[in-house]
Amino acid sequence: MRVPLWKIAHARSGDKADRADIGLFAWDAPTYAVLKREVTPERVAAHFREMCDGPVELWPLDNILALKIVLNRALQGGAARSLRMDNLGKVVAAQLLRMEIEAPADLPRLRAS
Amino acid sequence: MKSVRVGAGLGFYGDSWQPVRASIERGGVHYIASDHLSELTLAILQKDRQKDASAGYARDGLPMLAELWPLAAKHGVKFILNAGGLNPQGAREAIARTFRDKGWKATIATVSGDSVLEHLDELRAAGEPLAHMDTGAGLDTVRSRMLFANAYLGAQPIVRALEAGADIVLTGRVADAALSLAPLVHELGWRWDDWDKLALGLTVGHLLECSGQGSGGNFGSAAEWAQIPDYAHLGYPIAEVGVDASALFTKAPGTGGRISFDTLRQQLLYEVHNPHAYFSPDVVLDMATLKFDDQGSDRVRVTGASGSARPATLKIVGGYHDGWMGSGIIGFSWPQAYAKCEQASEIIKTLVAERGWAVEDMNVEYIGYNSLLGANADPTYRDQLNECFLRMTIRTQERKVADAYGRLFPWLGLSGPPYVGSMKGVQGAKELLGIWPALVRRELVEAKVEIAVEKV
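Chains as they are written, first to last, in my numbering: chain F, 12 to 124; chain X, 37 to 492.
Printed below as a string of structure tokens:
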């Protein structure tokens, strides 16, 4: 089934120069396995195609059930030259949580709801 | 068994120090590590210094110490803060003056030498290209517009200041985590090539450097943020590190917020690029081997840090003038709030075009609809909004264009679409800054680092 990430994960984002960076965290191990498979750099790049002009990098971290995602050239040159309200990229994580992936219906968080 | 407790101070210039009081009173801390400098805070301080040569330091260091020092002195707590900004000596003089007036005693040290703006040509003559780390662009493209340029120093000079007996260490730009790593090295006698221990210290510093973000603040989640207890009295994180090279994270009893696996791992990855090689001046951390043992009751033990040798270079961050931003905001109520914002944006675009202004970029956002979520905003209820604000910004090289642009908006109140609110005055031009990250051989900078100690 199609599932938005906010139902199964949590996330925080920030800025460094012209990069927005996101930590995406599974609430549990079965969900982490799904995130690792479904949240690919290509899909993230497509989700952020309007704001991210550079490549998307992604590192899985099994020890903390997390994906580290970096959007290059995503902040109009950097926080202090950006024209946006969210010049610091703090809401980029919320944008990611709206992305939908294919996930089994029996993930713990989906069963609970 | 000897252990050291470091508590988070501020997480940015303008943060609150009220939670620091609880850490000192009830958190058992020995040191407060306070971070006042975000990537571009130095641009603000540079403007202060241009107006007044004795300024150029973060102004919140002094009132924080003026309020907390009697309590800190009673508990034997030392402060390490980068509030020196571009003028650590100036910050020390201001603090020393206040301490003398109040009859307080303290040994105050400064660490300086991080500013390289005055040495850029010298560094290039020594063979450092100082090219942009990400784009490879040459420094010449921005050299004449550079407003500040500072190297991130490591923990070593702070440790030297502590060895000299400092109760308060004021630095300029240092790696944020160095503020916490230094007291650990100093108290626990870590060697500068014990990479795993230094990596644990870097982990501690990184988890403390954003104050409340390490203890449940800004917990990015769909609904779970509402379960963080008592935001109004959120306690800042505290780390206790012992000789066994593990770190116990907690916060002062009776404070709000939460220390858990979830709140800590959000902060662990915050503003990190490659988590397998998190660079600092003192060590490179691989986050993939860290283990988090959540013991409940706001206690999490972190072990397993692995580090590798420190880099041969230091990172410089410079900021350069990059034009001006003009902006205007206007709010419309139902009916057709969004449609009226859209119409207003077309009117403004027409006026800008007719004036022939040199505008490099224009950003159109609808506050209440997409100003934060951008292209990922959900349009389902766009045409039924109760109210909507139009925000339009431009980038231009001409300050007078940026100023004139803001003056286009009030006119819409009488001559545009109906039901306008929020006319709160015109927004003037705001200077925009480009950021210039570069690498420099560390010995070229470290040779100029100075530590000065003053007993008050």
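The beta carbon of each residue, even a glycine, is placed where N, CA and C say it ideally should be. On a predicted model such as this, the values are computed, not experimentally measured, just so you know.
Segment limits, alpha helix (DSSP H) that includes residue i
{"i": "residue 231 of chain X", "result": "231 to 244"}
{"i": "residue 374 of chain X", "result": "373 to 391"}
{"i": "residue 216 of chain X", "result": "214 to 224"}
{"i": "residue 77 of chain X", "result": "77 to 87"}
{"i": "residue 339 of chain X", "result": "Note, residue 339 of chain X: premise wrong, no alpha helix (DSSP H); beta strand (DSSP E) at 335 to 339."}
{"i": "residue 61 of chain X", "result": "54 to 62"}
{"i": "residue 194 of chain X", "result": "192 to 199"}
{"i": "residue 156 of chain X", "result": "156 to 161"}
{"i": "residue 123 of chain F", "result": "119 to 123"}
{"i": "residue 448 of chain X", "result": "448 to 451"}
Residue i, enclosing beta strand (DSSP E) - first and last residue
{"i": "residue 13 of chain F", "result": "13 to 15"}
{"i": "residue 302 of chain X", "result": "No beta strand (DSSP E) contains residue 302 of chain X, which is instead part of the alpha helix (DSSP H) from 297 to 304."}
{"i": "residue 40 of chain X", "result": "39 to 44"}
{"i": "residue 70 of chain X", "result": "67 to 70"}
{"i": "residue 207 of chain X", "result": "204 to 207"}
{"i": "residue 186 of chain X", "result": "182 to 187"}
Collapsed DSSP secondary structure at residue i in the structure displayed
{"i": "residue 46 of chain F", "result": "helix"}
{"i": "residue 144 of chain X", "result": "strand"}
{"i": "residue 61 of chain F", "result": "coil"}
{"i": "residue 486 of chain X", "result": "strand"}
{"i": "residue 111 of chain X", "result": "helix"}
{"i": "residue 472 of chain X", "result": "strand"}
{"i": "residue 437 of chain X", "result": "helix"}
{"i": "residue 284 of chain X", "result": "strand"}
{"i": "residue 112 of chain F", "result": "strand"}
{"i": "residue 457 of chain X", "result": "strand"}
{"i": "residue 132 of chain X", "result": "helix"}
{"i": "residue 137 of chain X", "result": "helix"}
{"i": "residue 419 of chain X", "result": "helix"}
{"i": "residue 49 of chain X", "result": "coil"}
{"i": "residue 307 of chain X", "result": "coil"}
{"i": "residue 164 of chain X", "result": "coil"}
{"i": "residue 96 of chain F", "result": "coil"}
{"i": "residue 367 of chain X", "result": "strand"}
{"i": "residue 329 of chain X", "result": "strand"}
{"i": "residue 247 of chain X", "result": "helix"}
{"i": "residue 462 of chain X", "result": "coil"}
{"i": "residue 117 of chain X", "result": "strand"}
{"i": "residue 126 of chain X", "result": "helix"}
{"i": "residue 409 of chain X", "result": "coil"}
{"i": "residue 107 of chain F", "result": "helix"}
{"i": "residue 98 of chain X", "result": "helix"}
Residues that DSSP places opposite residue i in a beta bridge
{"i": "residue 21 of chain F", "result": "F:36"}
{"i": "residue 71 of chain F", "result": "F:78"}
{"i": "residue 344 of chain X", "result": "X:320"}
{"i": "residue 31 of chain F", "result": "F:26, F:82"}
{"i": "residue 399 of chain X", "result": "X:429"}
{"i": "residue 479 of chain X", "result": "According to DSSP, which records beta bridges pairwise, residue 479 of chain X is partnered with nothing at all."}
{"i": "residue 360 of chain X", "result": "X:432, X:467"}
{"i": "residue 276 of chain X", "result": "X:41, X:284"}
{"i": "residue 313 of chain X", "result": "Beta-bridge pairing links residue 313 of chain X to no other residue."}
{"i": "residue 90 of chain X", "result": "Partner(s): none; residue 90 of chain X has no beta bridge."}
{"i": "residue 349 of chain X", "result": "X:477"}
{"i": "residue 210 of chain X", "result": "X:189"}
{"i": "residue 491 of chain X", "result": "X:143"}
{"i": "residue 293 of chain X", "result": "Paired residue(s): none; residue 293 of chain X is not in a bridge."}
{"i": "residue 252 of chain X", "result": "Partner(s): none; residue 252 of chain X has no beta bridge."}
Expected contact under 8 Å - CB spacing of residue i and residue j to nearest Å
{"i": "residue 186 of chain X", "j": "residue 353 of chain X", "result": "6 Å"}
{"i": "residue 198 of chain X", "j": "residue 79 of chain X", "result": "So it is not a contact: roughly 30 Å between Cβ atoms."}
{"i": "residue 98 of chain X", "j": "residue 208 of chain X", "result": "Contact flag wrong, Cβ pair sits at about 16 Å."}
{"i": "residue 272 of chain X", "j": "residue 44 of chain X", "result": "4 Å"}
{"i": "residue 277 of chain X", "j": "residue 240 of chain X", "result": "6 Å"}
{"i": "residue 219 of chain X", "j": "residue 42 of chain X", "result": "6 Å"}
{"i": "residue 493 of chain X", "j": "residue 334 of chain X", "result": "Nothing can be reported for residue 493 of chain X: it is not among the residues displayed for chain X, which extend from 37 to 492."}
{"i": "residue 28 of chain F", "j": "residue 46 of chain F", "result": "No, residue 28 of chain F and residue 46 of chain F are not in contact; Cβ-Cβ is about 27 Å, not under 8 Å."}
{"i": "residue 338 of chain X", "j": "residue 326 of chain X", "result": "6 Å"}
What are the residues of the stretch 411 to 426 of chain X that lie near chain F, defined by any Cβ-Cβ distance shorter than 8 Å?
-> 411, 412, 414
Give the residues from the stretch 65 to 87 of chain F that approach chain X closer than 7 Å (Cβ to any Cβ), ordered along the chain. 70, 72, 74, 75, 77, 79, 81
Next item on the list: Anything in the stretch 96 to 111 of chain F with a Cβ closer than 7 Å to a Cβ of chain X? List those residues in chain order, please.
Entry: 96, 97, 102, 104, 105, 106, 108, 109
Self-check item: Positions along the stretch 31 to 59 of chain F whose CB lies within less than 9 Å of some CB in chain X
Solution: Taking 9 Å as the Cβ-Cβ cut-off against chain X, the residues of the stretch 31 to 59 of chain F that qualify are 32, 33, 34, 35, 36, 38, 58, 59.
(message) Short of 7 Å Cβ to Cβ, which residues in the stretch 158 to 169 of chain X face chain F?
(response) When C-beta distances to chain F are compared with 7 Å, every residue of the stretch 158 to 169 of chain X stays at or above that value.
Q | Contacting positions in the stretch 316 to 335 of chain X - beta carbon closer than 9 Å to chain F | A | 323, 324, 325, 326, 327, 328
Contact list for the stretch 13 to 27 of chain F against chain X, Cβ threshold 8 Å: 17, 18, 21, 22, 23, 24, 25, 26, 27
- Query: Closer than 7 Å, Cβ to any Cβ of chain F: which residues of the stretch 457 to 485 of chain X, in chain order?
  - Reply: 468, 469, 470, 471, 473
Legend entry - the stretch 220 to 246 of chain X: positions lying closer than 7 Å to chain F by Cβ: none
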